[in-house]
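J.:
2 protein chains.
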Amino acid sequence: MRNLGGPQGKQLFSRLPVPIVTKYLSHCLTKKYKKKAEIFGPEEHSEYIYLVVSGRIRVYLRYPNGKEFTLTLLDAGDTYSGHTRAFGQAIADSEVLFIPVETFRNLLMEVPSFAMTVIGVLGDSLRNSINTIESLVFKEVNKRLYQFLYSLALSSDRQELHSFRVTIGLTHQQIATIVGSTRQTVNTFFNNLQKEGVLILGKDKIIIQKFDIIMERAKDDDE
Amino acid sequence: MRNLGGPQGKQLFSRLPVPIVTKYLSHCLTKKYKKKAEIFGPEEHSEYIYLVVSGRIRVYLRYPNGKEFTLTLLDAGDTYSGHTRAFGQAIADSEVLFIPVETFRNLLMEVPSFAMTVIGVLGDSLRNSINTIESLVFKEVNKRLYQFLYSLALSSDRQELHSFRVTIGLTHQQIATIVGSTRQTVNTFFNNLQKEGVLILGKDKIIIQKFDIIMERAKDDDE
DNA sequence: AAAATTCTGTCAGCTAGCCGACATTTTTAT
DNA sequence: ATAAAAATGTCGGCTAGCTGACAGAATTTT
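Protein sequences, first through last, are from chains A and B. First residue of the first sequence? That's 27 in this note's numbering, and the numbers climb one at a time after it. First residue of the second sequence? That's 27 in this note's numbering, and the numbers climb one at a time after it.
(1) When burial is assigned at 16 or more other CB atoms within 10 Å of the CB, is lysine 229 (chain A) buried or exposed?
(2) Taking only beta-carbon atoms, is isoleucine 75 (chain A) less than 8 Å away from chain B?
(3) Going along the stretch 101-133 of chain A in order, which residues come within less than 9 Å of chain B, judged by CB to CB distance?
(4) Chain A beta carbons: is any one of them nearer than 8 Å to that of asparagine 91 (chain B)?
(5) Is the Cβ of leucine 38 (chain A) closer than 8 Å to any Cβ of chain B?
(6) Is there at least one Cβ from chain B nearer than 8 Å to proline 138 (chain A)'s Cβ?
(7) If we ignore side chains and look at the alpha-carbon of each, how far apart do asparagine 91 (chain A) and lysine 165 (chain B) end up?
(8) Just the Cα atoms here: how many angstroms apart are proline 138 (chain B) and isoleucine 145 (chain A)?
(9) Excluding the 5 residues preceding and the 5 following glutamine 220 (chain A) in the sequence, name in chain order all residues of the same chain whose CB lies nearer than 8 Å to its CB.
(10) For a cutoff of 8 Å on Cβ pairs, would you count valine 167 (chain B) as touching chain A?
(11) At a CB-CB cut-off below 9 Å, which residues of chain B make contact with arginine 153 (chain A)?
(12) For the alpha helix (DSSP H) that contains threonine 96 (chain A), what are its first and last residues?
(13) Checking contacts by CB at 8 Å: is valine 144 (chain B) closer than that to chain A?
(14) Do we get a CB-CB distance below 8 Å when we pair threonine 96 (chain A) with the residues of chain B?
(15) Output, in chain order, the set of chain A residues within a Cβ distance shorter than 7 Å of threonine 158 (chain B).
(16) Is there a Cβ of chain B sitting closer than 8 Å to that of glycine 206 (chain A), yes or no?
(17) Please state the DSSP three-state secondary structure of tyrosine 86 (chain B).
(18) Threonine 98 (chain A) to glutamate 160 (chain B), Cα distance in whole Å?
(19) Would alanine 118 (chain B) and lysine 61 (chain B) qualify as a contact pair, given that the criterion is a beta-carbon distance under 8 Å?
(20) Is threonine 105 (chain A) helix, strand or coil by DSSP?
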């Protein structure tokens, strides 16, 4: 079972010694963004690596017809490099550090072992996007939604025996772009689960009552 | 417009000085495979990096229900690292060099600048798989087929003014797994184009007569 | 506190393209 | 050369899930 964008290998700098980090990153420009603000586009700023200091940003693809697909969500400490045809948007008030690739390259020179970290992070990203492909190609929307819900539950702090209180912080529309579906379909998915008694929908939160059912349905098909 | 798996950044070793390459790779095990042979699976051999010496191999995902999706095709000189949940299969008689990650790591130690190459190749792979995601999410099957055909034409050697002679080397079924569709749909796609007079189907080759039409229809929608 | 915007909820209709199923042709193996 | 297997063609049915459309609720802005 996969994780639809949890905190895997985006923590590029977290394992570097503090003095190095301060040396290189303290000079970098940091900017604040309000919810919904556009942080980067496919062309602009491709000379930077972005580090989320606080808040949450959504990295997404956009097609000329207006449709969008969210590749990943970045939380505090996470990193993203432009160079792909992706957009970045704050979905909560956020602070972002802009690291020029130049600086990055220098760091890589001074600390050669850092290369292994970079390679690791890239590898994780790659694995992650292959998981996304797998999900899109093989699994139908409902399964993807169950898996999304499942991983959401797992990453939620507060958890009792069978009952989870999950905070979402995402609109149905946003969930739709994560899962590759539509607002309406997401909506009916959740409402059906409520009618079924599997969960209770609250304001920006969900109380999962029958976690085992969700887990069961999130399992990949067949053998 | 994207390239559905052309020869971008899979040439990991092609820019290294020859003596280094021989030093590290001459000891490595090389194996021959016949068409259709399974070269690697998701678990096994994850301790190797694969280098295609000759032939062509297909890297693909397989779902328990039997469906498959081809991530990329590897030709001579191309490289792939296990570590993802992918399978590898020879689609022509092939020869593959197995490089233990250990050896790889040593090489990385001796030639630190090699790290940049690795990072580049990984970046390309990542970009490539994001293109695949984009394609799957936003574009309908016909568009994907036109784009596949388009890039096939571009990568074909022999080309006159408007007429291309394209060798495919793939069955409809295989094309289907590349493009994320079914055998039947691929079949009707090509036959319709033939009826339309855009191309002529030959045995394991296609003669494209109206390349501009294909190019036009391969263009992304809208703006 | 009023107005405007953004979300949620629901429903009917439509269609891309998947899924058998089967016949024919081509390729490969014996 | 013959048999077996694989690859092409073609067709009708079926359905997941997208689309638009509209109403009400909840936020946000003024």
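Using N, Cα and C, we set each Cβ at its ideal position, and we do this for glycine too.
T.: A quick look at the data gives this:
(1) In the first sequence, the residue the question calls residue 229 (chain A) occupies position 203. With fewer than 16 other Cβ atoms within 10 Å, it is exposed.
(2) Position 49 of the first sequence, counted from the first residue, corresponds to residue 75 (chain A). So no, isoleucine 75 (chain A) is outside the interface.
(3) Ser107, His109, Thr110, Arg111, Ala112 and Arg131
(4) For this step, residue 91 (chain B) is matched to residue 65 along the second sequence. Yes, its Cβ sits closer than 8 Å to a Cβ of chain A.
(5) Mapped onto the first sequence, residue 38 (chain A) falls at position 12. It does not; no Cβ of chain B falls within 8 Å.
(6) The residue labelled residue 138 (chain A) in the question sits at position 112 within the first sequence. True, the Cβ-Cβ gap to chain B drops below 8 Å.
(7) If you number the first sequence from 1, residue 91 (chain A) lands on position 65. If you number the second sequence from 1, residue 165 (chain B) lands on position 139. Roughly 11 Å separates the two Cα atoms.
(8) Working through the second sequence from its first residue, we reach residue 138 (chain B) at position 112. Working through the first sequence from its first residue, we reach residue 145 (chain A) at position 119. So the alpha carbons of these two residues sit roughly 13 Å apart.
(9) In the first sequence, the residue the question calls residue 220 (chain A) occupies position 194. If we look at glutamine 220 (chain A) and ignore the five residues flanking it on each side, its Cβ neighbours are Ile226 and Leu227.
(10) Along the second sequence, one-based indexing puts residue 167 (chain B) at 141. No, no contact with chain A.
(11) As a working mapping, residue 153 (chain A) is identified with position 127 in the first sequence. What arginine 153 (chain A) touches in chain B: His109, Thr110 and Arg111.
(12) Position 70 of the first sequence, counting from 1, holds the residue named residue 96 (chain A). Unbroken run through threonine 96 (chain A) is the beta strand (DSSP E), 94-101; no alpha helix (DSSP H).
(13) Here residue 144 (chain B) corresponds to residue number 118 of the second sequence, with the count starting at 1. It does; some Cβ of chain A falls within 8 Å.
(14) Residue 96 (chain A) sits at position 70 when you count from the first residue of the first sequence. It does not: the Cβ of threonine 96 (chain A) has no partner Cβ on chain B nearer than 8 Å.
(15) Within the second sequence, numbered from 1, the residue matching residue 158 (chain B) stands at position 132. Ordered by position in chain A, the residues that pass the 7 Å Cβ test against threonine 158 (chain B) are Ile159.
(16) Residue 206 (chain A) sits at position 180 when you count from the first residue of the first sequence. True, the Cβ-Cβ gap to chain B drops below 8 Å.
(17) As a position in the second sequence, residue 86 (chain B) is number 60, starting the count at 1. Three-state result, tyrosine 86 (chain B): strand.
(18) If you number the first sequence from 1, residue 98 (chain A) lands on position 72. If you number the second sequence from 1, residue 160 (chain B) lands on position 134. One C-alpha to the other measures close to 13 Å.
(19) Locating residue 118 (chain B) in the second sequence gives position 92, counting from the first residue. Locating residue 61 (chain B) in the second sequence gives position 35, counting from the first residue. Yes; because the gap between Cβ atoms is below 8 Å, this pair is in contact.
(20) Taking the first residue of the first sequence as position 1, residue 105 (chain A) is located at position 79. Correct three-state label for threonine 105 (chain A): strand.
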